[in-house]
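**Q** The structure that follows is given in the form of structure tokens.
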Amino acid sequence: MTEKKETYDSKNITVLAGLDAVRKRPSMYIGSTSERGLHHLVYEVVDNSIDEAMIGECDEITVTVHKDNRVSVQDNGRGIPVDKHPKYNMSGVELIMTKLHAGGKFDKKTYQISGGLHGVGVSVVNALSEFLEVTVERNGKTYRQRYEKGKRVTDLKEIGSTERRGTTVTFKPDKEIFAEIEFDLDTLTNRLRELAFLNKGLKILIYDERSDKKQAFHYEGGIISFVEFLNKRKEPVHIPIYLKKTKGDIELEVAMQYTTSYSENVFSFVNNINTHEGGTHLIGFKTALTRCLNNYAEKEKIKDAKLTSDDVREGLTAIISIKIPDPQFEGQTKTKLGNSEVKGIVDSLVTNGLNTFLDETPKVAKNIIEKALSAAKAREAARKARELVRRKSALETTTLPGKLSDCSEKDASKCE
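The numbering of the sequence shown is this note's numbering, which starts it at 15 and goes up by one.
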């Protein structure tokens, strides 16, 4: 967990740009206006709460899908600052809700590590909503403000006292922007469960008023529980391997477990964002894994152990999660990490951790090597089978003279 900061006021918020053209070109900010973009609105609001959780200021998030397809996201974090910003002469709430790239994450003092679309998130949700209402509970008081299509329609008002703290954002997607505003419960549930796994100890609840369904996610095992969840219908070869390493500002967590299956199930994350297309962190992991297992096999004098990257990933379920201050993503919706320095760092950290694990648990190491060797033998057998088929196919299409042709006699005694 990153270091907790003592103060969080409006002066911590830095603005890089104003809100402009989001409603004209929404796909530039949320990827698309399809079902995927619609659900992305929820994730952006949740990401702000996750940022609070990552520094130890929030341990519970509740997402409610209302009957009219409004969505509310409530957390018990510190609450968005309500005081006036010294430069922009508006409250921290209004600044975050109406300005792109406005947030506490840019000065690196409030949040060293964060998710979301680099701060454009909540303001974009505001811009693309028919209405958005934000309620802040902070310093014993409750405040509320309402926006419509990104525009302020009420001032930030104190509406009462409270013993709670936190922020609640309620919004309804704009039908003028989205062809469909019906949220899919399974889609939301899968992402929220994922976030609960990635943030050990965080409790996330989802309530769907439309179907009266409730679910709660809370995993003290973190990504180890994630791997066990993914493998619950498979037969594991060993208990999960867990590595947690830090180098400079980069934090790495890896949980991995081989099963008797033949499929690979590897997922990578950066600052809680699922990098579906992988990137430099995943390349670093794969490189280290292949080298470590080959080196171990060589050290143990295991014959013919020339394992490829595919061999060592057969039957592997793994979660690679890194926290990094300045991630560089390819594409606005963050599906591939591009930081070149991350590859070497992850490679080094995984190599050190995995080498130690293999040396200390020779029985598990043996099981993993045997699994990879089995994959290598199957690969080699498949290669030979392909070559045989190609050779036979070539011979069948080529007329060879006399004794150079393949024998066609079925009686072996009559063959040379």
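Idealized CB from N, CA, C, for every residue including glycine. Remember, it's a predicted structure, so these values are computed and weren't measured experimentally.
Using the C-alpha atoms, what's the distance from E267 back to I69?
**A** On the sequence shown, residue 69 is found 55 positions in, with the first residue counted as 1. On the sequence shown, residue 267 is found 253 positions in, with the first residue counted as 1. Cα to Cα, I69 sits roughly 17 Å from E267.
**Q** Using the rule of at least 16 other Cβ atoms within 10 Å of the residue's Cβ for burial, across every protein chain shown, is N153 buried or exposed?
**A** Start at 1 with the first residue of the sequence shown, and residue 153 comes out as number 139. Exposed, because fewer than 16 other Cβ atoms sit within 10 Å of the Cβ of N153.
**Q** Could you spell out where the beta strand (DSSP E) holding R160 opens and where it closes?
**A** The count along the sequence shown starts at 1 and reaches residue 160 at position 146. That run of the beta strand (DSSP E) goes K155 to E162.
**Q** Please report the straight-line C-alpha distance between F283 and R405, rounded to a whole angstrom.
**A** By one-based count along the sequence shown, residue 283 stands at place 269. By one-based count along the sequence shown, residue 405 stands at place 391. Their Cα atoms are separated by approximately 45 Å.
**Q** Between which two residues does the beta strand (DSSP E) harbouring G174 extend?
**A** For the purposes of this step, residue 174 is identified with residue 160 of the sequence shown, where counting begins at 1. Looking at the DSSP string, the run of the beta strand (DSSP E) that includes G174 is K171 to S175.
**Q** Can you tell me the Cβ-Cβ gap for G236 and S275, rounded? I've got them flagged as a contact below 8 Å.
**A** Position 222 of the sequence shown, counted from the start, is the residue given in the question as residue 236. Position 261 of the sequence shown, counted from the start, is the residue given in the question as residue 275. That pair is no contact at about 23 Å.
**Q** Pull up the distance between the alpha-carbon of V167 and that of Q159, whole angstroms please.
**A** In the sequence shown, residue 167 corresponds to position 153, counting from 1. In the sequence shown, residue 159 corresponds to position 145, counting from 1. Approximately 8 Å, taken between the alpha carbons.
**Q** So which of Q271, Y22 and H232 has the shortest CA-CA distance to T203?
**A** On the sequence shown, residue 203 is found 189 positions in, with the first residue counted as 1. When each option's Cα is compared against that of T203, the closest is H232.
**Q** Near G262, which residues of its chain fall below 6 Å by C-beta distance, leaving aside the five closest residues on each side in sequence?
**A** By one-based count along the sequence shown, residue 262 stands at place 248. Result list for G262: empty, nothing under 6 Å.
**Q** Identify whether G106 lies in helix, strand or coil by the three-state DSSP scheme.
**A** Start at 1 with the first residue of the sequence shown, and residue 106 comes out as number 92. Three-state result, G106: helix.
**Q** Which residues bound the beta strand (DSSP E) around E374?
**A** On the sequence shown, residue 374 is found 360 positions in, with the first residue counted as 1. Careful: E374 lies outside any beta strand (DSSP E), inside the alpha helix (DSSP H) at S354 to E374.
**Q** Note down the Cα distance separating K101 from K25, rounded to an integer number of angstroms.
**A** Position 87 of the sequence shown, counted from the first residue, corresponds to residue 101. Position 11 of the sequence shown, counted from the first residue, corresponds to residue 25. In this structure, the alpha-carbon of K101 lies about 8 Å from that of K25.
**Q** List the whole-angstrom C-beta distance separating I195 from N83, where the pair is believed to meet the contact cut-off of C-beta under 8 Å.
**A** Position 181 of the sequence shown, counted from the start, is the residue given in the question as residue 195. Position 69 of the sequence shown, counted from the start, is the residue given in the question as residue 83. Here I195 really is in contact with N83; their C-beta atoms are around 5 Å apart, less than 8 Å.
**Q** Quick one: Cα of H132 to Cα of Y43, how far?
**A** By 1-based counting over the sequence shown, the position of residue 132 is 118. By 1-based counting over the sequence shown, the position of residue 43 is 29. Summary for H132: the model assigns pLDDT 42, below 50, so the residue's position carries little reliability; its value from the coordinates is reported in the next sentence. Their Cα atoms are separated by approximately 11 Å.
**Q** Would you check if the distance between the CB atom of E144 and the CB atom of K189 is smaller than 8 Å?
**A** Locating residue 144 in the sequence shown gives position 130, counting from the first residue. Locating residue 189 in the sequence shown gives position 175, counting from the first residue. For E144 and K189, yes; Cβs fall inside 8 Å.
**Q** If contacts are defined as beta-carbon pairs under 8 Å, then G135 and E58 qualify, I think. What distance do you get, rounded to the angstrom?
**A** To locate residue 135, count along the sequence shown from 1; it is residue 121. To locate residue 58, count along the sequence shown from 1; it is residue 44. Confirmed, Cβ separation roughly 3 Å.
**Q** Please classify P376 as buried or exposed, where buried requires at least 16 neighbouring CB atoms within 10 angstroms.
**A** The residue given as residue 376 occupies position 362 in the sequence shown. That one is exposed.
**Q** Kindly confirm or deny that the region 349–361 and the region 291–303 touch, where touching means at least three C-beta pairs closer than 8 Å.
**A** Put simply, the region 349–361 touches the region 291–303. At least three CB pairs are less than 8 Å apart.
**Q** Exposed or buried, which one is A311 when buried takes at least 16 other CB atoms within 10 Å?
**A** Within the sequence shown, residue 311 is the residue found at index 297, counting from 1. With 16 or more other Cβ atoms within 10 Å, it is buried.
**Q** Find the nearest neighbour of T331 within the set S277, F192 and L387, judged by alpha-carbon distance.
**A** For the purposes of this step, residue 331 is taken as residue 317 along the sequence shown, with counting starting at 1. Looking at the Cα atoms, S277 is the closest of the given residues.
**Q** Please name the residue in P40, D226, L52 and N62 whose C-alpha comes closest to that of T201.
**A** Along the sequence shown, read from residue 1 onward, the residue named residue 201 stands at position 187. Ranked by how close their Cα comes to the Cα of T201, the residues P40, D226, L52 and N62 have L52 in first place.
**Q** When you compare only the Cα positions, how much space is there between I13 and G91?
**A** What the structure shows of the chain is the stretch from 15 to 430, and residue 13 is not part of that stretch, so it cannot be assessed.
**Q** If you draw a straight line from the alpha carbon of N245 to that of S362, how long is it in whole angstroms?
**A** Here the question's residue 245 lines up with position 231 in the sequence shown. Here the question's residue 362 lines up with position 348 in the sequence shown. Each residue's Cα considered, the two are about 27 Å apart.
**Q** Compute the distance between the beta-carbons of L351 and P341, then report whether it is under 8 Å.
**A** By one-based count along the sequence shown, residue 351 stands at place 337. By one-based count along the sequence shown, residue 341 stands at place 327. Cβ atoms of L351 and P341: closer than 8 Å.
**Q** So what does DSSP say about I220, is it helix, strand or coil?
**A** In the sequence shown, counting from the first residue as 1, residue 220 sits at position 206. In this structure, I220 counts as strand in the three-state DSSP scheme.
**Q** Using the beta-carbon count (16 or more within 10 Å), is T260 buried or exposed?
**A** The sequence position of residue 260 within the sequence shown is 246, counting from 1. Burial call: exposed.
**Q** For H232, list the residues DSSP reports as bridge partners.
**A** Position 218 of the sequence shown, counted from the start, is the residue given in the question as residue 232. In the DSSP output, where bridge partners are listed per residue, H232 has K217.
**Q** Using only the alpha-carbon positions, how far apart do G93 and S86 sit?
**A** For this step, residue 93 is matched to residue 79 along the sequence shown. For this step, residue 86 is matched to residue 72 along the sequence shown. Those two C-alpha atoms are separated by around 15 Å.
**Q** Is the Cβ-Cβ distance between V139 and L199 less than 8 Å?
**A** Locating residue 139 in the sequence shown gives position 125, where the first residue counts as 1. Locating residue 199 in the sequence shown gives position 185, where the first residue counts as 1. It is not a contact, given that the beta carbons lie outside the stated cut-off.
**Q** So is G367 buried or exposed if we call it buried at 16+ other beta carbons inside 10 Å?
**A** The residue you call residue 367 lines up with position 353 of the sequence shown. With 16 or more other Cβ atoms inside 10 Å of its own Cβ, G367 counts as buried.
**Q** Tell me which residue opens and which closes the alpha helix (DSSP H) that A302 is part of.
**A** For the purposes of this step, residue 302 is taken as the residue at position 288 of the sequence shown. First-last of the alpha helix (DSSP H) with A302: T294 to K313.
**Q** Output yes or no for whether 8 Å exceeds the beta carbon distance between C306 and N353.
**A** Taking the first residue of the sequence shown as position 1, residue 306 is located at position 292. Taking the first residue of the sequence shown as position 1, residue 353 is located at position 339. If you check the CB distance, C306 and N353 do not come in under 8 Å.
**Q** Three-state secondary structure (DSSP) at G135?
**A** As a working note, residue 135 is residue 121 in the sequence shown. G135 falls in the helix class under three-state DSSP.
**Q** Could you pull the DSSP bridge partners for T78 from this structure?
**A** Along the sequence shown, read from residue 1 onward, the residue named residue 78 stands at position 64. DSSP lists S86 and Y221 as partners of T78.
**Q** Let me know if V403 comes out buried or exposed under the rule of 16 or more other beta-carbons within 10 Å of its beta-carbon.
**A** The residue given as residue 403 occupies position 389 in the sequence shown. Counting Cβ neighbours within 10 Å, V403 comes out exposed, since fewer than 16 surround it.
**Q** Is the CB-CB distance between V364 and A319 below 8 Å?
**A** Translated into the one-based positions of the sequence shown, residue 364 becomes position 350. Translated into the one-based positions of the sequence shown, residue 319 becomes position 305. Cβ atoms of V364 and A319: not closer than 8 Å.
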